[in-house]
Every structure is written in structure tokens, then in C-alpha cells.
Amino acid sequence: MVTQVFRVGVEAPSGEERRPQRRRGGLAGLVAAALLLTGAGLFGQGVFMTAKAELSQILLAQAWARAQNGETTPRPWGWADTWPVARISAPSLGEHAIVLAEAGGEALAFGPAHLAVSPHPGDPGTSIIAAHRDTHFAFLREVMPGDEIIIEHADGRRSVFQITHTQIVHAERSGIEPEGGPARLALVTCWPFGSLTSGPERYVVWAELVDEIS
Amino acid sequence: MTQSRSNDGSQGWLGVTIAIASFVASLFLWSDARADTIADMTPAPDGMVRLSEINEGALLLKTVDAGLYVPAPMVATDVALDISGPVVRATVTQRFENPSEAWVEGTYVFPLPDGSGVDRLRMQIGDRFIEGEIHERQEARRIYEEARAAGQRASLLEQERPNMFTTSVANIGPGETIIVQIEYQDVARLDDGSFELRVPLAITPRYIPQDVDFQLVSTGSARGSSAPDARRITPPLMLPVGEPDEGLRLPVTITTTLDAGFDLGPVASRYHATIVEHDGDGRARIRLADGPIPANRDFVLNWRPADETIPSAAIFTEEVDGQTYLLAQILPPAQLSDDVPRRPRETVFVIDNSGSMAGQSMQQARQALIFALERLEPTDRFNVIRFDNTMETVFPAPVDASEANIATALAFARGLDAEGGTEMLPALVEALRDLTPNDQSRVRQVVFLTDGAIGNEAQLFEAIDLGLGRSRLFPVGIGSAPNTYFMSRAARLGRGTFTHIGQVSEVAEEMEALFTALERPVMTNLDALFPADALSEIWPAPLPDLYYGEPVVMTARLNRPGGEMILEGETAGRTWRETLSLDNVDSASGIATLFGRNRIRAIEETRFQGASHQSVDAAVLQTALDFHLVSRLTSLVAVDVTPARPSDEQLAQTQVPNMIPEGWDFEAVMQDAPSAYQDASLDPSLIQRLRPGQDPNAPQLDENGVPLPATATPRELLMWVGALMMLIALIWLLMNRERRLW
Numbered sequence: 002m003v004t005q006v007f008r009v010g011v012e013a014p015s016g017e018e019r020r021p022q023r024r025r026g027g028l029a030g031l032v033a034a035a036l037l038l039t040g041a042g043l044f045g046q047g048v049f050m051t052a053k054a055e056l057s058q059i060l061l062a063q064a065w066a067r068a069q070n071g072e073t074t075p076r077p078w079g080w081a082d083t084w085p086v087a088r089i090s091a092p093s094l095g096e097h098a099i100v101l102a103e104a105g106g107e108a109l110a111f112g113p114a115h116l117a118v119s120p121h122p123g124d125p126g127t128s129i130i131a132a133h134r135d136t137h138f139a140f141l142r143e144v145m146p147g148d149e150i151i152i153e154h155a156d157g158r159r160s161v162f163q164i165t166h167t168q169i170v171h172a173e174r175s176g177i178e179p180e181g182g183p184a185r186l187a188l189v190t191c192w193p194f195g196s197l198t199s200g201p202e203r204y205v206v207w208a209e210l211v212d213e214i215s
Numbered sequence: 037m038t039q040s041r042s043n044d045g046s047q048g049w050l051g052v053t054i055a056i057a058s059f060v061a062s063l064f065l066w067s068d069a070r071a072d073t074i075a076d077m078t079p080a081p082d083g084m085v086r087l088s089e090i091n092e093g094a095l096l097l098k099t100v101d102a103g104l105y106v107p108a109p110m111v112a113t114d115v116a117l118d119i120s121g122p123v124v125r126a127t128v129t130q131r132f133e134n135p136s137e138a139w140v141e142g143t144y145v146f147p148l149p150d151g152s153g154v155d156r157l158r159m160q161i162g163d164r165f166i167e168g169e170i171h172e173r174q175e176a177r178r179i180y181e182e183a184r185a186a187g188q189r190a191s192l193l194e195q196e197r198p199n200m201f202t203t204s205v206a207n208i209g210p211g212e213t214i215i216v217q218i219e220y221q222d223v224a225r226l227d228d229g230s231f232e233l234r235v236p237l238a239i240t241p242r243y244i245p246q247d248v249d250f251q252l253v254s255t256g257s258a259r260g261s262s263a264p265d266a267r268r269i270t271p272p273l274m275l276p277v278g279e280p281d282e283g284l285r286l287p288v289t290i291t292t293t294l295d296a297g298f299d300l301g302p303v304a305s306r307y308h309a310t311i312v313e314h315d316g317d318g319r320a321r322i323r324l325a326d327g328p329i330p331a332n333r334d335f336v337l338n339w340r341p342a343d344e345t346i347p348s349a350a351i352f353t354e355e356v357d358g359q360t361y362l363l364a365q366i367l368p369p370a371q372l373s374d375d376v377p378r379r380p381r382e383t384v385f386v387i388d389n390s391g392s393m394a395g396q397s398m399q400q401a402r403q404a405l406i407f408a409l410e411r412l413e414p415t416d417r418f419n420v421i422r423f424d425n426t427m428e429t430v431f432p433a434p435v436d437a438s439e440a441n442i443a444t445a446l447a448f449a450r451g452l453d454a455e456g457g458t459e460m461l462p463a464l465v466e467a468l469r470d471l472t473p474n475d476q477s478r479v480r481q482v483v484f485l486t487d488g489a490i491g492n493e494a495q496l497f498e499a500i501d502l503g504l505g506r507s508r509l510f511p512v513g514i515g516s517a518p519n520t521y522f523m524s525r526a527a528r529l530g531r532g533t534f535t536h537i538g539q540v541s542e543v544a545e546e547m548e549a550l551f552t553a554l555e556r557p558v559m560t561n562l563d564a565l566f567p568a569d570a571l572s573e574i575w576p577a578p579l580p581d582l583y584y585g586e587p588v589v590m591t592a593r594l595n596r597p598g599g600e601m602i603l604e605g606e607t608a609g610r611t612w613r614e615t616l617s618l619d620n621v622d623s624a625s626g627i628a629t630l631f632g633r634n635r636i637r638a639i640e641e642t643r644f645q646g647a648s649h650q651s652v653d654a655a656v657l658q659t660a661l662d663f664h665l666v667s668r669l670t671s672l673v674a675v676d677v678t679p680a681r682p683s684d685e686q687l688a689q690t691q692v693p694n695m696i697p698e699g700w701d702f703e704a705v706m707q708d709a710p711s712a713y714q715d716a717s718l719d720p721s722l723i724q725r726l727r728p729g730q731d732p733n734a735p736q737l738d739e740n741g742v743p744l745p746a747t748a749t750p751r752e753l754l755m756w757v758g759a760l761m762m763l764i765a766l767i768w769l770l771m772n773r774e775r776r777l778w
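Here the protein sequences come in this chain order: A and B. Going by our numbering, the letters in the first sequence line up with residues 2 to 215, in that order. Going by our numbering, the letters in the second sequence line up with residues 37 to 778, in that order.
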């Protein structure tokens with residue numbers, strides 16, 4: 002039935018009337034091709050970011066091994082502007098990642114970054130570690146007060162932190178004061194989780210040092 | 037045909053695109069809509085407090101946890117009260133110590149009694165003296181920020197809530213002492229012929245216990261157990277019996293000078309032993325009998341006139357900038373003799389039975405109404421109106437208080453249940469509808485029983501102002517937390533009084549007091565007459581009626597001192613008139629402040645009579661600046677007034693006392709304090725949590741904390757948009773291809 006209806010329609014117009022139709026078709030094809038390419042490009046970029054985040058952790062693992070062997074700034078690849086400083090893990094969720102030094106570069110693209118303005122994790126004061134909510138710190142959504150967060154240092158020491166509470170703050174007015182106070186961790190990621198756009202809010206998971214294992 | 041079909045095709049394509057686009061858009065919205073805020077209100081940890089939990093004057097030290105503070109140990113408090121008539125000038129001086137080895141930042145918080153106004157703040161921090169100056173709110177903030185940027189010590193006092201002020205103090209050195217002195221104006225409450233002044237000293241529990249046991253520091257907590265004096269820092273848990281055997285946890289000294297303005301009868305403190313020295317002429321000095329008292333109970337002072345039957349007027353003046361400010365206090369006879377006839381009245385009772393009244397409140401309101409109905413006399417007329425989101429009147433118009441009518445109303449009252457919304461306006465308008473506006477033989481009263489859980493206050497105030505006529509409005513606040521702002525303002529506009537019933541047990545007592553007032557309007561049509569061209573302004577205007585047991589405090593600004601004032605009023609059908617000489621009146625401080633405060637209050641109320649926001653704001657601002665009052669629109673900004681030190685002289689700590697600016701008196705808290713509270717200190721683990729301020733010479737710390745990096749990638753967005761574009765392109769290509777086949 003349907004094909005018949007179509008056929009009736011196609012038979013009616015003359016060749017002259019078809020011409021502009023075909024031209025339009027060609028133009029549309031061009032636009033569609035451009036759309037396809039751009040779309041593929043954007044998609045590829047997204048995939049690339051995912052890959053960068055995942056794959057870099059493999060390279061970072063090697064650099065981390067070098068750090069454990071005593072190298073002070075083991076760059077994971079020649080042109081890298083960052084290096085591993087610690088390894089963070091959440092045993093209850095089976096999550097882990099290599100923490101990078103945030104030295105003004107692109108560290109966040111590859112892993113959680115330890116902000117240089119804050120003390121080293123485990124030292125007195127509030128150590129701030131930030132990571133993307135959709136990759137390395139996606140697990141922050143699942144953590145609960147009471148959960149343990151373990152920081153492994155290059156010298157083999159392990160600092161055990163326990164999550165005390167969570168908080169939502171404005172990025173520009175975080176209220177996080179790195180100096181002073183007991184040894185604490187502030188794990189920072191974007192809020193809300195699952196949103197596609199980035200906003201000014203940050204999710205902060207607070208943890209306090211409970212144990213040191215050497 | 038083709039044309040139309042091709043259009044159909046592209047329309048279809050457009051449709052698909054729009055559908056996909058809206059789907060994606062909804063995804064965005066959906067993910068943002070999910071961004072509900074996680075409840076962040078966990079109870080404050082051991083020994084720490086939030087700003088909202090403060091119920092006493094406290095110096096709060098910032099901690100590394102944003103929004104959480106540790107109260108600095110308070111080592112001494114002195115309260116000096118200067119009472120002139122009903123006007124109380126309170127000077128509270130408190131000494132705090134920085135318990136830590138670091139420079140810290142503090143916030144001084146002082147909650148005030150309702151209706152009082154702070155007009156002075158002075159501080160001594162280390163060797164610096166700081167005095168607050170009044171400025172427009174934004175201007176004050178600008179001055180403060182400039183001073184801070186320039187590295188100077190500065191401080192800003194702002195009105196946080198109408199009854200709470202905060203001021204930040206930066207750069208308190210290790211172990212430094214901070215002395216804060218604030219002055220505020222208050223009015224003693226006249227109740228049943230006796231004046232009562234309450235100085236809040238008791239520390240109301242500041243934690244709202246939920247499911248957590250707050251017996252923190254002294255018991256199980258691992259962190260707290262290491263601090264034997266940890267209880268010092270958790271004052272809310274301090275019971276009177278818990279005071280240390282020797283010395284006091286928080287010694288308070290109180291000295292009072294009283295100038296009552298009338299011959300004094302008994303003067304007594306309700307809870308504390310005091311020594312009262314009468315100096316004659318209605319003057320007395322009151323001091324504590326047994327030295328400093330613990331801060332575990334309010335200080336309440338009562339005094340009454342020697343002769344309670346004669347209405348008397350007391351007058352005080354204050355000269356400020358060539359103007360004379362006058363305070364006249366009109367004291368009605370506290371006991372009426374029997375020959376004063378009871379005036380018949382027409383009373384309309386309005387009872388709120390909306391859902392918010394459910395439970396205790398409804399029970400109280402019902403009992404209050406029943407009590408009121410049973411007190412009616414056969415000569416009275418009455419009606420009862422109830423409202424929720426509907427309204428019902430028991431009688432179509434006010435009826436005689438015959439036994440049958442009262443029985444009908446009682447039956448109605450007993451059957452009332454709380455339900456529905458709160459539509460107060462129609463009931464109020466109905467209650468104010470006066471069928472016999474010129475009836476001089478009766479007084480018309482509207483008794484309004486409600487919890488005031490309403491949002492359209494402005495509308496109601498307007499209705500009261502327009503419809504009042506000869507009626508008088510007596511709101512009765514029901515429940516533990518009625519909307520007192522609404523009630524007291526409604527009472528002022530309605531020229532009646534506001535009664536608060538907090539518990540069922542208070543119903544009889546409070547309603548009895550209200551009815552005594554209702555039955556005996558002591559003085560109406562009150563007016564004060566001054567010689568021509570002497571009077572500049574008088575507040576409140578017009579003067580409210582005087583009810584039984586209630587004083588009227590009148591403030592006026594005069595162009596010149598001296599002359600005389602005539603007070604006129606009507607009492608029980610007779611005209612009362614008293615001429616008072618202003619030539620030899622006593623002077624008292626704080627009257628100008630009180631005048632300013634009354635003026636601001638009156639200006640704010642013109643809002644309900646149609647005054648524009650701009651004109652109200654401008655007038656309030658000007659008055660607040662003129663009278664140095666902290667208000668909605670003005671703040672005190674603290675300026676360093678330490679006298680300049682000669683450059684060739686080495687400054688040593690010991691020189692500090694010599695450098696106290698003239699007129700500053702911190703003596704009371706500087707006396708050598710017994711060692712029992714000299715070593716007040718904090719739990720070491722809390723000290724560790726203090727947010728380090730900075731050496732004044734170092735650059736300022738960023739108030740906002742560390743700015744956080746962006747931690748969201750456009751990864752998902754890119755992938756979504758990319759996939760969407762490819763999908764659209766593919767659909768398009770596919771459709772074009774099909775078309776070519778046709």
C-alpha cells in the first residue's frame with residue numbers, strides 16, 4: 002500500500018521539476034557529510050579523553066614504580082609536566098588511582114592531582130586532592146562516612162584516613178584552609194554527579210588520618 | 037505533488053531533529069535537576085559550635101572547618117546597668133583569651149534582648165584599641181575592606197539578625213587578651229505595678245540534641261578525655277551544681293544604679309543576694325552581696341513605687357547637640373479603687389482553628405476562649421468568629437451576653453478542631469466591622485487568638501490601620517513560637533496589647549491579666565502638650581491608650597529645654613490632666629538613643645500606611661546615622677583609635693595601661709582575677725583545629741579558602757553531541773538515498 006502511494010507521487014513530476022530537487026539533495030549530502038565528520042571528530046575527542054584518563058594510569062603505574070625506587074620526580078613520559086606523588090585507594094569500593102603533582106599543568110587529565118598549595122597527604126593540615134567526577138573520582142559518589150581511604154607514599158608508608166563527612170561548596174569560596182589543623186584529606190570533585198555541564202559547585206569528601214602503617 | 041512531498045520529507049526530518057534535540061535537552065535538565073543538595077547539617081563536633089547555635093556573648097575562633105568555631109574561654113564579665121526611669125543603659129564588658137600559640141581570627145557574637153539596640157562597640161586586642169563608628173552598610177563594608185587591604189586592624193559590626201550582631205576580629209596574637217565592651221539600650225518591663233529588668237546570663241542549651249549524645253568532652257570521647265578542664269569549653273553542659281568548688285567558671289560582676297523617678301518601694305533581685313543602698317529621691321545603688329556570681333542564671337531585678345495608687349509621671353532629659361531629648365514615663369495607678377465603674381463593652385472574639393494550631397495550641401486557644409466567655413457580664417455584648425480557610429460567625433451580629441447566648445457560644449467553642457489553611461484577612465475585616473460606630477457607652481474590643489502563622493502581614497496591617505475606627509485589637513499569641521513580630525505590631529497598630537500564652541497552665545493567669553486590662557481602659561485619648569515652638573517631634577505618635585498595669589514611654593525632641601508640659605487623658609469618663617514643669621528635671625543618658633529607636637520603629641510602620649520603600653529606607657538610614665544606631669541599613673565599622681606612640685619610644689606590653697584612650701574604662705574586668713579561672717584553656721586537640729590567622733605583618737589570608745580547580749571534563753558532552761550529530765547525518769543520508777531510488 003505504502004509503496005504504491007509513493008509510486009504515484011514519483012510518476013507525476015516532470016524531469017525539469019526534479020532538477021532543483023536533486024541539487025538540494027547534493028547540498029544536503031554535503032551538509033550531512035560535514036555533520037558526520039564533525040560528529041565523529043567530537044565523539045573521537047570524547048573517546049580520546051576517556052582513553053587518556055584510562056591509559057595514562059598504566060603509564061603512571063610504571064612511573065610510580067620508579068618513584069618507589071627512589072626517583073624524586075619520575076615523569077611518566079618525556080614531555081610530561083607532572084609526576085606521581087602518591088597512590089590513593091578506597092578498599093571498600095576496590096578503586097585506586099595514582100595521584101599526580103599539580104604543578105600548574107594538565108595533571109587532572111591523567112589522574113587525581115594533589116594541589117601544590119596544600120600539604121602532602123598525611124602531613125598536618127588539609128591536603129587537597131582533586132579529580133574529575135566522571136573518571137577517577139566517580140567513586141566519590143559511592144563513599145560513605147566511616148569508609149577508609151588509603152594513601153600510599155613513595156617510601157612504602159601507608160596513611161589510613163577515615164571519611165568523616167561530605168560537603169558541597171562553591172569553587173571560589175571553598176572554605177578549605179590547607180594550613181593548620183590535624184592531618185586531613187579533602188577529596189574534591191565536581192558537583193553534581195552525572196551532570197553534563199560543569200558548574201561552580203564542588204563536592205568535598207573529608208577524611209581524617211587515623212593510622213600510619215610503615 | 038513532489039513539492040509538497042519533499043516538504044513533507046524535510047518536515048519529517050525537522051521533526052526527528054527536534055525530537056532528538058529535545059530529548060538531549062531534557063537529559064541536561066534531568067541531570068541538573070538531580071543535583072539536589074545533600075543535607076549538610078550534621079551536628080557540630082565536640083566542643084565546636086555553629087554561629088546559629090550561639091545564645092550568649094561569645095568570642096568565636098575560626099577553625100579549619102568552615103562554619104565551625106571554637107568559643108574562646110571567657111575569663112570575666114562585668115555588667116554595669118544604669119537605670120533612669122524605665123530606661124536601661126547596659127554596658128557589658130567581657131574579657132577573653134586566645135588560648136593558642138598562634139595568631140587567630142575571631143568572631144564576636146552578641147545576642148541581644150528583644151527590642152534593645154546596640155549603639156557602641158569598643159575592643160582592646162593586645163595593645164590596640166578599636167572603636168566602632170556608624171556608617172551606611174555598604175560604606176562600612178568598603179571602609180573595612182580598604183583598611184584590611186592596607187594591613188590595618190579593622191573590624192565590622194553588622195546586624196546578622198534583628199536580635200544578633202556579629203563582628204569579626206582579625207589578628208589576635210598568641211595568648212593575647214581581648215576585651216570587648218558593648219553598650220545597649222533597653223527598657224525595663226512594667227508588669228502589675230512592678231518594674232522588671234532581666235539581664236540574660238543563663239546559658240541556654242545551644243545544641244539541639246537529636247540522636248547524638250552531647251555529653252561530649254567530659255565522657256567517652258578519646259580526644260576530650262585528655263583535657264581535664266574540657267568542661268570549660270562546653271558551657272552548655274555546665275549545670276549549677278557543676279561549678280568548681282573554688283573560684284568560678286565564669287565570674288560575673290553586676291553593678292546597678294537606679295533612678296526610678298518615683299519614691300521607691302521595695303527593690304529586690306529575684307535570684308541573687310544583693311545589697312541595696314537607698315539614696316532617697318527614688319535613687320538606689322544595687323550590688324551583689326557575695327561578690328562575683330556564676331553565669332548560670334539570669335539576673336532579674338524588680339522594683340516598685342512606694343505608692344501604687346496614684347498615676348504619676350516621671351520626666352528625664354538629655355542634651356545632645358543643642359537639642360533636648362525628653363523621656364516621659366506615665367505610670368498608671370496599679371490598683372483601681374472600687375468606685376471606678378466597669379465600662380460595658382462589645383467584644384468580638386476571633387479564634388484561629390487552622391491546621392497550624394493543631395494539638396496543644398488549639399487546646400490553649402479553646403480554653404482561653406471558654407475562660408473569656410465565662411467572664412462576660414450581662415451588660416456586655418459579644419460575638420465569636422472562627423476561621424481557617426473558611427470563616428464562620430456564631431451570631432450574625434454582636435448579641436447581649438445573656439446566659440443562653442453564652443451557652444451557644446460555649447458549645448461552639450468546645451466543638452472547635454484545628455484543620456485547614458489560614459485565611460486571616462476576612463475574619464479580621466469582619467471582626468473590625470463596627471455596626472454602631474458612634475456608640476460611646478461601650479468600648480469595642482477585638483480579641484484575636486492565633487499563632488500568627490501567616491505570610492501576608494503587610495495586607496493585614498493595612499486592614500487594621502484602615503478599619504480600626506473605635507475598635508481596639510488585642511492579639512493573643514498561642515503556642516510556644518507564635519509570630520511575635522506580627523502580634524506585637526498588630527497590637528501597636530490596633531492600639532491594644534499583646535498577650536502571649538505559651539502553655540495550657542498559663543491560660544488562666546494570662547487571660548485574667550488581659551481581661552483586667554480589657555475591662556479597665558485606664559486612660560484614653562492621651563496627649564502631651566508643649567509650649568508653642570518648643571516641640572520638634574514626639575514618638576510614638578499618636579500616644580497609645582494606657583491599659584491596666586502598662587506604662588507608656590514617650591520620647592520627644594524639643595528645641596529648647598525648660599518650660600512645661602501638660603499631659604491629658606481620659607480615665608473612666610473623666611478628664612485627667614497634669615502639668616509638669618520641665619525646668620528642674622533630671623538628666624539621664626540614652627534618651628536620644630531611645631528616641632532614635634522609637635523613630636525608626638514608627639517610620640518602619642508607615643510602610644503599612646502606604647509610604648514608599650524608598651522614603652522609608654531614606655528616613656530609617658538618616659535616623660540610624662544620626663543616632664549612631666546599628667540597624668537594617670547601618671553597620672558599625674571599627675577604626676583603630678590607639679594613640680600614636682612617639683617614635684623614639686620603645687613600646688613594651690607594660691605600657692599598655694597608660695595608653696588607654698580617654699573615657700575608656702575596662703577596669704572592671706582588668707582586676708586581678710583569681711587563679712581558678714586564670715588558666716582557662718582549651719582542649720589541645722581543639723587548639724590544633726584553630727584556623728591560623730596571620731602575623732599582622734604578613735599578607736592577608738584568603739577569606740574564601742583555596743579556590744578549587746575545574747573537575748568536570750566535557751568528555752561525556754562531546755561524546756553525546758558527536759554521536760547525535762553522526763546520527764542526524766546518517767538519518768539524513770539514508771533518507772536522501774531512498775529518495776534517489778524512487
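Ideal placement from N, C-alpha and C gives every residue a C-beta, glycine not left out. Note that the structure is a prediction, hence the values are computed from the model and not measured.
Secondary structure within the segment 456 to 491 of chain B: the alpha helix (DSSP H) runs of 4 or more consecutive residues, fully enclosed, are 460 to 468 (chain order). If only complete runs of 4 or more residues are kept, the segment 180 to 214 of chain A shows no alpha helix (DSSP H) anywhere. Not a single C-beta of chain A is nearer than 8 Å to the C-beta of ARG340 of chain B.
In the three-state scheme derived from DSSP, where H, G and I count as helix and E and B as strand, GLN539 of chain B is classed as coil.
According to the DSSP assignment, LEU96 of chain B belongs to the beta strand (DSSP E) that extends over 94 to 98. By DSSP's assignment, GLY153 of chain B forms a beta bridge with B:GLN221. THR444 of chain B sits in a helix when the DSSP states are folded into three classes.
At a beta-carbon threshold of 7 Å, none of the residues of chain B lie near SER160 of chain A; the nearest stands roughly 17 Å away. As the crow flies, the alpha-carbon of ARG174 of chain A is around 20 Å from that of TYR180 of chain B. Contacts between ARG88 of chain A and chain B, judged by CB atoms closer than 7 Å, are missing: the closest CB pair is about 19 Å apart.
In this chain, GLY162 of chain B is not harboured by any beta strand (DSSP E), its DSSP state being neither H nor E. Ranked by Cα distance from ALA64 of chain A, the first of A:THR83, A:LEU43, A:LEU31 is A:THR83. When only Cα atoms are considered, ARG450 of chain B and THR167 of chain A end up about 51 Å apart.
In the DSSP secondary-structure assignment, PHE385 of chain B is bridged to B:VAL420, B:VAL483. Using a Cβ-Cβ cut-off of 7 Å, ARG751 of chain B is close to GLY47, MET50, THR51, ASP135 of chain A, given in chain order. GLU382 of chain B and VAL479 of chain B have their alpha carbons spaced roughly 6 Å apart.
Not a single CB atom of chain A sits nearer than 8 Å to the CB of ILE166 of chain B.
For the set B:THR426, B:ASN338, B:ASP416, B:PRO743, the Cα lying nearest the Cα of GLU555 of chain B is the one of B:ASP416. In terms of CA proximity to THR291 of chain B, B:ALA309 leads the group B:ALA309, B:LEU362, B:MET427.
Taking the Cα of GLY301 of chain B as reference, the smallest distance to any Cα among B:ALA526, B:GLY318, B:TYR307, B:ILE311 is reached at B:GLY318. MET145 of chain A sits exposed, since fewer than 16 C-beta atoms from the chains shown fall within 10 Å of its C-beta. With 16 or more other Cβ atoms from the protein chains shown falling within 10 Å of its own Cβ, ASN419 of chain B counts as buried.
At a cut-off of 8 Å, the C-beta of VAL757 of chain B has a neighbouring C-beta in chain A. With a beta-carbon spacing of about 15 Å, ALA628 of chain B and VAL223 of chain B fall beyond the 8 Å limit used to define contacts. With a threshold of 8 Å between beta carbons, PRO179 of chain A makes contact with chain B. DSSP places GLY605 of chain B in the uninterrupted beta strand (DSSP E) bounded by 600 to 607. Chain B has a Cβ within less than 8 Å of the Cβ of ILE129 of chain A.
Counting only the Cα atoms, ALA401 of chain B lies some 19 Å from PRO462 of chain B. Judged by beta-carbon spacing, PRO414 of chain B lies beyond the 8 Å limit of SER477 of chain B, meaning their Cβ atoms are not closer than that value.
ASP475 of chain B and GLU172 of chain B have their alpha carbons spaced roughly 50 Å apart. Per DSSP, reduced to three states, the secondary structure at HIS649 of chain B is helical. By the neighbour-count criterion, in which 16 or more other beta carbons inside 10 Å mark a residue as buried, LEU56 of chain A falls on the exposed side. Separation of TRP612 of chain B and ALA564 of chain B (C-alpha to C-alpha, rounded to the nearest whole angstrom) is 12 Å.
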